[in-house]
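The structure appears right after this line, and notes come after that.
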Amino acid sequence: MSNQKYFAARAALIAAALGAFSIGLPSAAAEKPSQKAQANAAEFARGARLWAENCNRCHNMRDPKDYRDEQWRPVIAHMRVRAGLSGDQAHAILRFLQESN
Amino acid sequence: MELSNATFARTLIAAGMLLVLPDSAAIADDGLGLLKREVNELRKELAEVKAELKQQRKQAASKDEVSVVENKVARVERQHGDWKDTNSTLHVAGYADIGYADAQNSTGSFNQARFNPIFHFLYKDLLLLEAEAETGISSTGSTEFNLEYATMDLFLTDNITVFGGKFLSPMGYFRQNLHPSWINKFPSAPIGFGHDGAAPEAGVGAGVRGGFGVGARSQLNYALYIGNGPELASDGSELDGVKSGGFTRDADGKKVIGGRLGIVPIPHLEFGVSAGGGKTSVTKDEGSGTAIVGDAARDYTVLGADFAYQRKQLDLRGEYIQQRVGDASASVAPRGGTWKTWYVQAAYRLLPTKWEGVLRYGDFDSPHDVQDQQQWGVGMNYLFGPNLIAKLGYEFNQGQSGTVADDNRLLLQFSYGF
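Encoded structure:
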């Protein structure tokens, strides 16, 4: 992956896109997104921001595509310890990575 | 398919009804003719529908075929679920590097071939076992093996992780967070941050660590531990150095307590302070290699401060750390001393290329003047990827003249964090 800027931009874009979705579009659909789906979208957006803010503090930003979903689980547990993240923050970052790989 | 089935059924019923109609005289001749024509047309239609149905049957998958596909889908789903939701997950990460060094007054050599796998076992979201097995080739050709760390992290609450085992020293920053070669932006560690330097390397013990989000963007992180503490090496009647690689014995009988508090006031800016203290004692004479038993326990303290800042292509960081050993009149090496070091480093990505320039300055001060050193490091890296990096560095070293500490070095390194 080319550079950190690209990552930050992609994260911001995804976050922005999700934000727009959860506020603006539901009326077009027959059913409103469930509360759970909205919570997931919010966590994803939060994860994207936390990832962009935290994951290049010590080393170059790693590509979400570096690992499969289940591989990110122990890696993020490892990074939670290293980076001193709360469980809640680590969980949001994990969701972001698992949905961006 | 549904539609033609319905048509087919309707046609059948109509045909049946017509065929069983009574041959009554009441029906006029032309009426009969009409009926016959209609029956013939219906027969034709029926034949066509039959043919169409046959054709469709041919094209449609058989029940058996469908069930084979269904089974396959179920198997893939099961396998995928296996990956995702197991209680225990194993993952192997780590890093490997190769290198070349050419120092003044010595012959250049390919001086590095290391393979450091890190095993992660995650049990649910409760426990992480992290262990790094550092292996490398020594200058004499033997294989060196070092259990760099083997730590259990129990995620107790959202903000508290209890850990224990052998761990990289929670005091200071470089050893813990920056030493792997795919992370370190220069081919060598800053002076005083290697083995037997000023920065504590590892601990054996237990502790708590974690972090909190504070407000929208700020964070606090902490680590606090208790451990066996380091041991000392003497050289005759003088202290030679602090051995902080981690021991499963506690020769002086008194524990060391230490930790670090980190503050991230805004994203990409971090400050940390580290402190620790306890007792230590001499256990080895470095000159003769003999073990020393029952030497006097003496004070041991650690103090450190670190910062890191990233903005756009710039990565700026620095750290100060010192280990102080007190006097002990009853010891084989009575006089204490302080090992201290600091460095600052700036790395700059030359976007849009994959090149990165690095500049580093460090100053290491030990109780032995012969170990003292100042160093400028200038480097150029090529990033094949965020975790695949080729490094070229030049160290301008200043130490006591005539010692290796005074020899400049050219370094090449290629590192892969996997």
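Protein chains in written order, with my numbering: chain Z, 37 to 137; chain D, 3 to 420.
Here a beta-carbon is modelled for each residue, glycine too, at the ideal position from N, C-alpha and C.
On the DSSP letters alone, give me the boundaries of the beta strand (DSSP E) that residue i sits inside.
i: glutamine 324 of chain D; result: 316 to 327
i: phenylalanine 176 of chain D; result: Element bounds for phenylalanine 176 of chain D: n/a, residue is neither H nor E.
i: glutamate 272 of chain D; result: 271 to 282
i: phenylalanine 80 of chain Z; result: Careful: phenylalanine 80 of chain Z lies outside any beta strand (DSSP E), inside the alpha helix (DSSP H) at 71 to 90.
i: phenylalanine 132 of chain Z; result: Where phenylalanine 132 of chain Z is concerned, there is no enclosing beta strand (DSSP E), although the alpha helix (DSSP H) it sits in stretches over 123 to 134.
i: histidine 114 of chain Z; result: Per DSSP, histidine 114 of chain Z belongs to no beta strand (DSSP E); it is in the alpha helix (DSSP H), 105 to 119.
i: leucine 92 of chain D; result: 90 to 105
Just to confirm, is the Cβ distance from residue i to residue j under 8 Å?
i: asparagine 118 of chain D; j: glutamate 146 of chain D; result: no
i: threonine 303 of chain D; j: glycine 274 of chain D; result: no
i: asparagine 383 of chain D; j: lysine 187 of chain D; result: yes
i: arginine 98 of chain Z; j: proline 354 of chain D; result: no
i: glycine 166 of chain D; j: alanine 208 of chain D; result: yes
i: phenylalanine 420 of chain D; j: glycine 96 of chain D; result: yes
i: cysteine 91 of chain Z; j: leucine 180 of chain D; result: no
i: alanine 113 of chain Z; j: arginine 82 of chain Z; result: no
i: tryptophan 120 of chain Z; j: glycine 243 of chain D; result: The residue you asked about is not tryptophan; residue 120 of chain Z is glycine in the sequence shown. The answer is no: Cβ separation not under 8 Å.
i: glycine 306 of chain D; j: serine 276 of chain D; result: yes
i: tyrosine 350 of chain D; j: arginine 362 of chain D; result: no
i: proline 369 of chain D; j: threonine 340 of chain D; result: yes
i: arginine 219 of chain D; j: isoleucine 268 of chain D; result: yes
i: phenylalanine 123 of chain D; j: serine 90 of chain D; result: yes
i: alanine 140 of chain D; j: alanine 204 of chain D; result: Residue 140 of chain D is actually serine in this sequence, not alanine. Taking 8 Å as the Cβ cut-off, serine 140 of chain D and alanine 204 of chain D do not qualify as a contacting pair.
i: alanine 407 of chain D; j: glutamine 373 of chain D; result: yes
Mind checking if residue i is an interface residue toward chain D, Cβ cutoff 8 Å exclusive?
i: alanine 113 of chain Z; result: yes
i: asparagine 137 of chain Z; result: no
i: arginine 118 of chain Z; result: yes
i: proline 100 of chain Z; result: no
i: serine 63 of chain Z; result: Legend: pLDDT at serine 63 of chain Z = 38, less than 50; position of this residue unreliable, value from coordinates given subsequently. It does not; no Cβ of chain D falls within 8 Å.
i: asparagine 92 of chain Z; result: yes
i: methionine 37 of chain Z; result: For methionine 37 of chain Z, the predicted structure reports a pLDDT of 41, less than 50, and the residue's modelled location is therefore unreliable. A value from the coordinates is still provided. Interface residue, yes.
i: arginine 82 of chain Z; result: no
i: asparagine 96 of chain Z; result: yes
i: alanine 52 of chain Z; result: Any answer about alanine 52 of chain Z is weak, because its pLDDT of 42 lies below 50 and its placement is not dependable; what the coordinates show is given next. It does not; no Cβ of chain D falls within 8 Å.
i: glutamate 89 of chain Z; result: yes
i: serine 70 of chain Z; result: no
i: glutamate 106 of chain Z; result: yes
Here's a check: name, in chain order, each residue in its chain whose Cβ is nearer than 6 Å to the Cβ of residue i, leaving out the five neighbours to either side.
i: alanine 133 of chain D; result: Phe121, Ala152
i: aspartate 237 of chain D; result: Glu288, Gly289
i: serine 63 of chain Z; result: Bear in mind that a pLDDT of 38 at serine 63 of chain Z, under 50, signals an unreliable position, so the number given afterwards is only what the model happens to contain. Cβ within range, chain order: n/a, list empty.
i: glutamine 377 of chain D; result: Ile193, Gly364, Glu397, Asn399
i: alanine 310 of chain D; result: Glu272, Arg319
Got a sec? Which residues, its chain only, sit under 7 Å from residue i by beta carbon, not counting five neighbours each side?
i: glutamine 1 of chain D; result: Since the first and last residues shown for chain D are 3 and 420, residue 1 of chain D lies out of range.
i: leucine 390 of chain D; result: Tyr418
i: isoleucine 162 of chain D; result: Val210, Gly212
i: glycine 328 of chain D; result: Arg300, Asp301, Gly338
i: methionine 154 of chain D; result: Leu129, Leu131, Phe165, Gly166, Gly167
i: glycine 229 of chain D; result: Gly205, Val206, Gly207, Lys257, Val258
i: glutamine 178 of chain D; result: Leu170, Ser171, Pro172
State yes or no: is the beta carbon of residue i nearer than 8 Å to at least one beta carbon in chain Z?
i: phenylalanine 214 of chain D; result: yes
i: isoleucine 228 of chain D; result: no
i: leucine 130 of chain D; result: yes
i: serine 26 of chain D; result: Unreliable positioning characterises serine 26 of chain D in this predicted model, as indicated by a pLDDT of 48, which lies under 50. A coordinate reading is not provided.
i: glycine 264 of chain D; result: yes
i: phenylalanine 157 of chain D; result: yes
i: tyrosine 350 of chain D; result: no
i: asparagine 161 of chain D; result: yes
i: isoleucine 139 of chain D; result: no
i: glutamate 272 of chain D; result: yes
i: asparagine 223 of chain D; result: yes
i: glutamine 415 of chain D; result: no
i: proline 388 of chain D; result: yes
i: isoleucine 185 of chain D; result: yes
i: asparagine 179 of chain D; result: yes
Are there any heavy atoms of ligand 2 lying less than 7 Å away from the beta-carbon of residue i, as far as the coordinates show?
i: leucine 130 of chain Z; result: Absence of ligand 2 from the depicted structure is noted, as is the absence of any ligand whatsoever, leaving it without description.
Whole-angstrom Cβ separation of residue i and residue j, contact assumed at under 8 Å?
i: leucine 170 of chain D; j: valine 164 of chain D; result: Incorrect: roughly 17 Å between the Cβ atoms, too far for contact.
i: leucine 394 of chain D; j: glycine 379 of chain D; result: With 8 Å as the limit, leucine 394 of chain D and glycine 379 of chain D do not qualify as a contact, their Cβ atoms being about 11 Å apart.
i: histidine 270 of chain D; j: glutamine 312 of chain D; result: 4 Å
i: glycine 261 of chain D; j: tyrosine 322 of chain D; result: Not really, about 17 Å apart at Cβ, beyond 8 Å.
Starting from the C-beta of residue i, find all residues in its chain whose C-beta is less than 8 Å away, skip the five residues before and the five after it, and write them out in chain order.
i: isoleucine 294 of chain D; result: Ser236, Val284, Thr285, Lys286, Asp287, Val334
i: alanine 98 of chain D; result: Arg116, Phe117, Asn118, Ser417, Tyr418, Phe420
Establish whether the CB of residue i and some CB of chain A are separated by less than 8 Å.
i: arginine 131 of chain Z; result: You won't find chain A in this structure, because its protein chains are Z and D.
Mind checking which residues open and close the alpha helix (DSSP H) that includes residue i?
i: methionine 154 of chain D; result: That residue, methionine 154 of chain D, is in no alpha helix (DSSP H); its beta strand (DSSP E) goes 145 to 157.
i: proline 433 of chain D; result: Residue numbering for chain D in the displayed model covers 3 to 420; residue 433 of chain D lies beyond these limits and cannot be assessed.
i: alanine 299 of chain D; result: Where alanine 299 of chain D is concerned, there is no enclosing alpha helix (DSSP H), given that its DSSP letter is neither H nor E.
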